[in-house]
Structures are given as structure tokens and as C-alpha cells.
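Each residue of the sequence shown is one higher than the one before, starting from 1266 at the first, in our numbering.
Just so you know, even glycine gets a beta-carbon here, dropped at the ideal spot from N, CA and C.
Quick notes on the structure that follows.
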Amino acid sequence: MPKGSQHQHTSSEESNSRSQAPSQSISYSNSPFIASSTVERVDHHTRNSDNEEDDASSLNVNHDEDSKKVIHEQIKGGDSIQSMDVSPGRISPEDVSEFNKKPKSKSNFFVRLLTLSSSSLVSNQANCYYDENGEVEDSIYSEVRASVPPTDDYSKPVNTWRTWVLTTIFVIVFAAVNQFFSLRYPSLTINFIVAQILLFPLGKLLNLLPNWTIGYRRCSFYLNPGPFNTKEHATITIAVSLTSSTAYATNILSAQTSFYNQDLSWGYKILVVLTSQMLGYGFAGLTRRWIVYPASMVWPQTLVSAVLFRTLHGDGGNDIGETKEGKTTANGWSVSRYRFFTYIFIGAFAFYWFPGFIFTALSYFTFLCWIWPKNRVVNQLFGYNSGLGIVPVTFDWQQVVYNSNPLASPWWVISNTIGSVIIIFWIVVPILYYKSVWFSNYLPMLSSSTYDNTGKTFNSSRVLNSDLSFDQSKYESYSPLYMPMSYSMSTALNFAAVTSIFTHCILYNGKDIWQRLRDERGAFECVHRKLMRNYQEAPQWWYLSLFIVTFGLSIFTIQYYDTQCPVWAFIVAMLIFIINFVPQGILEGITNQHVGLNIITELVGGYMLPGKPVANLMIKLYGFIPMRQGLEFSRDLKLAQYMKVPPRILFSVQIFATVLGGVTQVAVQEWMRFHIKDICTHAQSDGFTCPNGRSIYNASLIWGAIGPAKLFSKGRPYYPLLYFFLIGAVAPFLTYVLYKKFPKAWYGKLNAPVFFTGPGNIPPATGINYSSWAIVGFVFNYAIRKKAVHWWTKYNYVLAAALDSGVAVAGVVIFLCVSYPGGSLSWWGNSVYKNTYDWKSMPYRSVGPNETFGYSNWS
């Protein structure tokens, strides 16, 4: 049969209706601005076959016989079913039978594939939406428009054997490796972006498998279910992201087993790890309408991953490789996104060997401290380890992105944050420090540790009995607890952030939240959410059931096992997480910032259950971890929305990955406990000292055993910090007035939650992590975006993804292939910054042997 003469089988009624349609007609679904899937698929193929620019605004809607001939010819040549003039539900059994009679070909294969994948779809699908002007609807946010195409190809299979097998392999490997190194100092975390990079060539390699049917009838599947596509890639990456960082609960288990010497059963360990995560997942699903679905919930960090998918698979994410978009000019730059990503990735990978191994002083470029290594003031103001890091010079991308990627953070967020750092940590902290408020100049300028009255790290074991209860007499004979000035101000900002989020949310977002509560399909949805309506949604009762079941298992865990935590205290912890979840989600979804509730939960737990450190661990576990895990789940739901991953398949994969990853992490940690000598002790020769578990153990002693009453109650040294709860509640009223009266002025863009939340990583972060972050953000998200918007649109997020990927892969290679086996370089460039008072955390004042400072009475 000659090319172009093979026609698609359709029913007579449908065939007649098409033959009568004029060449320029468009068929619509119920909404007058939703293009039908048939028209969009014809147009989409026509653009790609001509290698035209994949721009949503240039969609062509011709639907004539010539277009169909081109489609049929391309199907015969093996193109994707997305180009076919058919929809799921329109293929008759006779059509399938007729194609099955033909010799095995890609067209035959894709028709069968479409019928198999249609079960996750609902009727009346649309590949894009049109606005009132007849143009393709897109996001109102330029960041999203630059990163995610406003179209969908729902013919791509997701629920394939490749998705499940690769998910299983990558989750086990990443969970095991990250758990293994989390107990070591210095530790290594293999970020999920490494999995995102590795999955692409591996998935493409699987394309070489033969087109065989494995199994029999209903239990059969295709060995090669078509080209490895963006939706499979995104689903696996999301699954890995949930387990690429160790579950926080494993650190609590480390504290209980290695430092409290508790004998814990496997059942307890698995329950603690899974319930603390699943509670957050369940609640994240229940709150999707507020923190995932609205267009304003951009979740900026997800755009980096979305652009990476789009770059690897082809612009628009249609698995077409490089399109003509790559040859268009953006402010004089014509290099394609894929080539741009490749060049930057290789450059970042190669260059990171210098600050990461060859010349590590490039990372800690404290040249003033090198000149005056024993000048205490210089080292405290300009140092990068225990100093304020006022000079913003570093050549290490990991230092720049310590808080978040500045290329993915809006400039108004960056400006609010760096303003807070300058005012609080570069002006207020030095003034209070050198005036020795709370005897702070006897301590390092910046540290996350707590100290006694000799300037040494506070030894919590000296105030405890053998049963871990607090001993008042031992406390009185030892020392009060002192916090460095930076730690004190960070705690104060955390207090203010918690209350400011609620006030800000009510003033700025209260009306929207109420309307979303009344109307889930309101005008707040973005086009990407509308496109997701083509798929069967994971219903609310799934998430509600998950939440209820894990809630019950959590109560069982704290009651059946010895946790010192009563049910009423657990419920209070749950209320902390539930009340804060939506405001925190709105904050993170818009600004890329979040508030850690760890100090708040420790504070509340310490007041509720004084003298019970293990109970304090449980309050922290169920008051803080579910919110953190749940917001990460919400972020992944947004990424899945951008990538158009069917919700029900995603839900199954996420739950599967969480259970598999949790069990893997517990198993690895248990194996290490019994097979690594001196683990979690300072005598461990390979560095497996359990730094995270030790930190949590110390915090539980301070907040749970000693208790916050001895620090923050009236008459105690740090009582004034509690006023920041009030300051945080009032500040949004002032910014709201400025916003209403001067919306265009810079002071109309002041944001109280971001101001209080932004510097939340100080300590252990220092000023260099914020100043370098702010400079990069200013250059790209303000200056370049303003002067070269086309360049910014095309390359900004590709640059972010390439830098993150190159540095992440280089870090893994350096650690596993050089550092961990014992390789090192000993020369001036790797030691000069360590021979300074900054590196040694020297305070401004010191006490002599057998001398103390501070209060004479601390009972």
C-alpha cells in the first residue's frame, strides 16, 4: 500500500461528521474555551513534524484531509499516538482487531498501548485550553510559563513495568546509601536530582528492548511500552525524592538506641518511621485545594525539576528531542536549551573539583581572616564558619544554594530575606554581642551549640540521673545554659515567624482560603490544574483514610511502647502540625521559604512534660515531622501537576516508595549498629559518629530534661525573646497597610513572614550563604530578567538545573571515589582557612582555668 493511502478505521457516524466539517472548524467540549483532544493532537503533530517552534501561542487548528494523511503516514513511520486522530473511547474493537492483523509495527503497538492506558483517564479530554481571545491559555506567572508548557499528551503511558521496577531499584539504592552516610561526619546526601539525571539514559536504554508481550491475557504487559517519556521519568523521580533524604525519624531512633541506650523492637522502629511520614501525606492530600491547586501556589523549586525534564526530553516535554525553539534567538543567544544545559553541566562538574577537593579555600574564601588569622573581631565579622560572613565572596555553588536555589527564588523574597540578615545579624547581633548581653561575648559569635559558664559545650549528662530524669541539685552545682547571640536571635525570629504567618495569611489570603473552601473549582485554578481534570483524581477519602489509619497507629505506638508520652500530649503535638500546615504551605508555595517548627514543638513539649526527654522527642516527632514531610509531599504533587502525572498512579507510587524506603532505612541503620565498631561514639575511626542523632539527643536533654522554664519563664535570662511572638503577630498589619497604600513602592513589598523566616538557617548557615545567594538572585532574577527577559525566559531555569546537577554529581564522585577511600591533598589552599580564629570558633572574651562567668544564682 503506498504511503499516505492507509486510513484510520472509524465508525460511520464519526466519519460522516468529520467529512462534513469545514477545514478550519474547531470542535469544543462543554466549556466554550476548551479545545477538543482531537483537534489538539492533529495540530500538535503537525507542528512537531514540521519542526516548528513549540510555542503554545502558535497553535494551529487545521483539521483537513491533508493533515490526516500526514498523521497516518507518520504513524506508519512509528511516531507517537499523540498525533493520531483518535481519542480513548473512540477506538472500536474492530479497529484494534484490524490493526492486530497487520504485521507487528509501531503503529499497531501504539494503538494497543492507548487502549491500555485509557483506564486512568476521564472522558472529554483536552490537550490545551483556550482563553476568550482564542489563544492557548497559559499560566499568569512568567516563571511557570518559562518552565512548563500549557499542554498535555495524555497518550503517554505511566503505569508501566519500567516505572515500578526503576522506582523499586532507585528507592532502595538511594534510601540505603543516604542512610548509610547520614551516620557519618562529614556526611553525604545524594540528592534526587542525581536520580533525575541517571534515569534519563537508563530509560532511553530500555527503549532498545524488543516489542514482546510478557504474560498471558489480563496478566500480560509489553516489554517495550513505547519510548521512555517524561511522565514515567517524573513519577520515578518524585518517588525517589521522598526517600533521597533520610527520614527524620531515623535520627530519633539513633538518639534512643545509641545515646539513651533503649532496646527498641523492629515494630516500633518501622511504625515510628512510617507514621511520622504518612500523617503528613494524608493531611497534604486533604489540603490540596489550598496549597497545590491554586495558580498562585507556584512552588518555585519544582520549576527547576520541570525545566530539567523539559530539557532532557525535548522542549515542551514531548519526547521529540531538540526542536526549532532551540534555534530561536533570545537576546542574541541562539544555543538550544539542551546544548546550554550540557555545557553548563560539564562546566559545573569540572569546576566543582576545585572548591570541593583541589582548592577548598575557594569555598571558604575568607581572605581577610587569612590576612589577620588571630584578630578576633575580624574573624567574627568576616569569617564563614563561626563569623557573620559579611564579605560575600565564595566560588562554591553549594555555599550559594545552601538555603535554596537563588535562580528559582523570586527577587522580592530574596530582597526581604537579605534585608533581614543585614538588620538582624549584621547590625543587631554585633551590637548585642560586644555589649555582652546575656554574657554572649564569652561564647562564639555564631554557633548552634549551647554552652556552660566556662565557655565549653553544655554537658547535659551532668544534670541527669541514671533513669534520665532531671536532677535539680546537679544542675545547681554545674552551670546554667547559655546560647550564643546568633542562636538567641534565630530563636526569636522563629517565634515571630510562627505568629506572623497566621496574621499574614488571614490578611492577604483569608478571602481566597474561604472561597476555596466553598468552591474547589473556583477561579484560582491554573491551566495545569484544569488539564489534570482529564485524569481520575485521587479522591479525598483515600487521603482521609490514610490519615485516620496512621493516626490510630501513632497512638498505638506511643501507648504500647515506652515513650513517656501520654495521648493528650500527642494530640497537642498533632494540633501544632495541623494548625500550621496550610499557612506554612502557602508561605512555601509562594516564597520557597519555610519555618521550622522544631524549636516550637520542643518548647511546647518542654512545658507540657518537663523532665521527660524521650517524651520531648515524641512531641517533636509528631508535631514537626508530619508537617515537614507533608509539605514535601505537597511540593511533589505540584510537580506532578506540572508534569501531568495521573494522580491515582502517583498516589500508589508515592505510598509504595515511602514504605519501601522507610523499611530500607531502618534495615540499613540496624545493620550498621551491629556491624560497625564503636558506631555513634567519638572513637569511631571512620567518622560514623551519628552527628544528627547526637544533635537531637542534646536538644531533647536541653528542652525535655532541663526544660524551657529555666530559660524563658519570667525572670529567666531569655524571657524577653518571648515578646517576638507578639512582634510577629503585629508586624503583618504594618506591611499590609504599606501594601494597600503603596503597592508599587519597594516598601509596599515588605513581607513579615519572609523577613522573619528567611534567615532561619542561621546558625549553622552564615552570612556568606545569604549574601552570595542574594547577589546571584539580584543578577538573574532582577537585572537580567528586567534587561533581557527573553534570555531569562529561555535559560534561567535551565541554568539552575544544570548547576545543581553538575555540582551534585561531582560531589558524589569526589566523595565516593576520592575522599571516602582516604584520598586527600595537603597544601596551603586546603588549610589556610582552618588556621584562623574563625575556624576555631574563638569568642571575644575567654575565662582562665578554673574560672567561670555569668550568673551567680540559677536555681
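Spatially closest choice to residue i from the options, by CA coordinates
| i | options | result |
| --- | --- | --- |
| D1732 | A1996, Y1649, P1891, Y1525 | Y1525 |
| A1571 | V1910, L1925, A2073, Y1983 | V1910 |
| E1849 | S1485, Q1894, T1576 | The residue you asked about is not Glu; residue 1849 is Gln in the sequence shown. When only C-alpha atoms are compared, the closest one is Q1894. |
| S2111 | D1951, W1677, N1706 | N1706 |
| P1492 | F1486, I1479, C1484, N1472 | N1472 |
| Y1654 | S1669, F1632, S1674, V1666 | Checking the sequence shown, residue 1654 turns out to be Gly, not Tyr. Answer by Cα proximity: F1632. |
| P1804 | T1552, I1841, Q1521, P1415 | T1552 |
| L1729 | K2051, I1971, W1555 | I1971 |
| F1835 | R1794, M1797, S1810, I1890 | I1890 |
| R1981 | L1746, W1477, Y1533, A1948 | L1746 |
| F1446 | Q1934, T1828, G1926 | Q1934 |
| Q1540 | I1920, Y1962, T2000 | Before going further, note that residue 1540 is Thr rather than Gln in the sequence given. T1540 has its Cα closest to that of I1920, out of I1920, Y1962, T2000. |
| M2107 | V1538, V1643, Y1395, S1509 | V1643 |
| W1531 | Q1542, A1838, L1518 | L1518 |
| F1812 | I1434, G1871, G1550, N1392 | G1550 |
| S1742 | S1725, A1757, S1753, T2058 | S1725 |
| P2028 | Y1667, L1711, I1683, W1426 | L1711 |
| S1734 | T1515, N1881, S1674, I1455 | N1881 |
| S1669 | F1457, K1496, G2042, W2123 | G2042 |
| S1960 | W1703, L1925, S1713, Q1645 | S1713 |
With 16 other Cβ atoms within 10 Å as the buried cut-off, status of residue i
| i | result |
| --- | --- |
| T1946 | exposed |
| S2121 | exposed |
| W1833 | exposed |
| S1561 | exposed |
| G2113 | exposed |
| A1520 | buried |
| W2005 | First, the amino acid is wrong: residue 2005 is Lys here, not Trp. Under this definition K2005 is an exposed residue. |
| V2019 | buried |
| F1610 | buried |
| T1594 | exposed |
| V1991 | Note that residue 1991 is Leu in the sequence shown, not Val. When all chains shown are included, L1991 counts as exposed. |
| N1494 | buried |
| N1718 | buried |
| G1597 | exposed |
| G2087 | exposed |
| N1398 | exposed |
| N2115 | exposed |
| V1666 | buried |
| A1974 | exposed |
| A1286 | Only weak support exists for where A1286 lies, its pLDDT of 37 falling under 50; the coordinates are left without a value. |
| K1369 | Note that K1369 scores a pLDDT of 41, beneath 50, so its modelled location is shaky; the value from the coordinates is reported in the next line. Label assigned to K1369: exposed. |
Rounded distance between the beta-carbons of residue j and residue i, thought under 8 Å
| i | j | result |
| --- | --- | --- |
| Y2062 | V1409 | Actually they do not touch by this definition, with Cβ atoms about 10 Å apart. |
| H1859 | T2022 | 7 Å |
| A1748 | T1715 | In the sequence on display, residue 1748 carries Met and not Ala. Sure, about 6 Å apart at Cβ, within 8 Å. |
| C1955 | S1523 | 6 Å |
| S2025 | I1556 | Checking the sequence shown, residue 2025 turns out to be Gly, not Ser. About 19 Å; that fails the 8 Å criterion. |
| W1564 | R1900 | 5 Å |
| G1969 | G1871 | 6 Å |
| T1428 | T1500 | 5 Å |
| Y2102 | R1641 | 6 Å |
| G1952 | Y1450 | 5 Å |
| F1846 | F1548 | 6 Å |
| F1574 | M1908 | 6 Å |
| W1703 | S1753 | 7 Å |
Beta carbon proximity, residue i to chain D, threshold 8 Å
| i | result |
| --- | --- |
| S1628 | The structure shown contains no chain D; it is built from a single protein chain. |
Between the stretch 1758–1766 and the stretch 1986–2003, do three or more beta carbon pairs fall short of 8 Å?
-> Touching, per the Cβ criterion.
Would the stretch 2033–2047 and the stretch 1658–1669 be scored as touching if the rule is three or more Cβ pairs under 8 Å?
-> Judged by pairs of C-beta atoms under 8 Å, the stretch 2033–2047 touches the stretch 1658–1669, as three or more such pairs exist.
Are the stretch 1456–1467 and the stretch 1498–1508 touching by the rule of at least three beta carbon pairs closer than 8 Å?
-> Segments in contact, yes.
Counting only runs of 4+ residues fully inside the stretch 1851–1902, write out the alpha helix (DSSP H) ranges in chain order.
-> With a minimum length of 4 residues, the continuous alpha helix (DSSP H) runs that stay inside the stretch 1851–1902 are 1863–1873.
Would you be able to state if there are at least three C-beta pairs under 8 Å between the stretch 2008–2015 and the stretch 1622–1638?
-> Look at the beta carbons and you see the stretch 1622–1638 not touching the stretch 2008–2015: under three pairs across the two are nearer than 8 Å.
Which residue spans inside the stretch 1424–1497 form an unbroken alpha helix (DSSP H) run of at least 4?
-> If we require 4 residues or more, the alpha helix (DSSP H) runs fully inside the stretch 1424–1497 come out as 1426–1447, 1457–1471.
Pairing CB atoms from the stretch 1606–1616 with CB atoms from the stretch 2070–2087, are three or more of them under 8 Å?
-> Enough Cβ pairs lie closer than 8 Å, so yes.
Scan the stretch 1677–1754 and note each continuous alpha helix (DSSP H) run of 4 residues or more that stays entirely inside, going in chain order.
-> Those alpha helix (DSSP H) runs which fall completely within the stretch 1677–1754 and span 4+ residues are 1694–1699, 1737–1743.
How about the stretch 1800–1816 and the stretch 1873–1888: do they share at least three Cβ pairs that are nearer than 8 Å?
-> With a cut-off of 8 Å, the stretch 1873–1888 and the stretch 1800–1816 do not count as touching, because too few Cβ pairs lie within range.
Fully enclosed by the stretch 1516–1562, which alpha helix (DSSP H) runs are 4 residues long or longer?
-> 1531–1551, 1553–1556, all fully within the stretch 1516–1562.
In the stretch 2019–2103, which residue ranges form an unbroken alpha helix (DSSP H) of at least 4 residues, counting only runs that do not cross its ends?
-> Counting only runs of 4 or more, we get 2032–2043, 2054–2079.
For the stretch 2074–2081 against the stretch 2052–2061, are there 3 or more C-beta pairs whose distance is under 8 Å?
-> Below 8 Å, too few C-beta pairs join the stretch 2074–2081 and the stretch 2052–2061 to call them touching: fewer than three.
Residue ranges of each alpha helix (DSSP H) run of no fewer than 4 residues wholly in the stretch 1583–1656, ordered along the chain?
-> Runs of the alpha helix (DSSP H) inside the stretch 1583–1656: 1602–1616, 1632–1636, 1641–1647.
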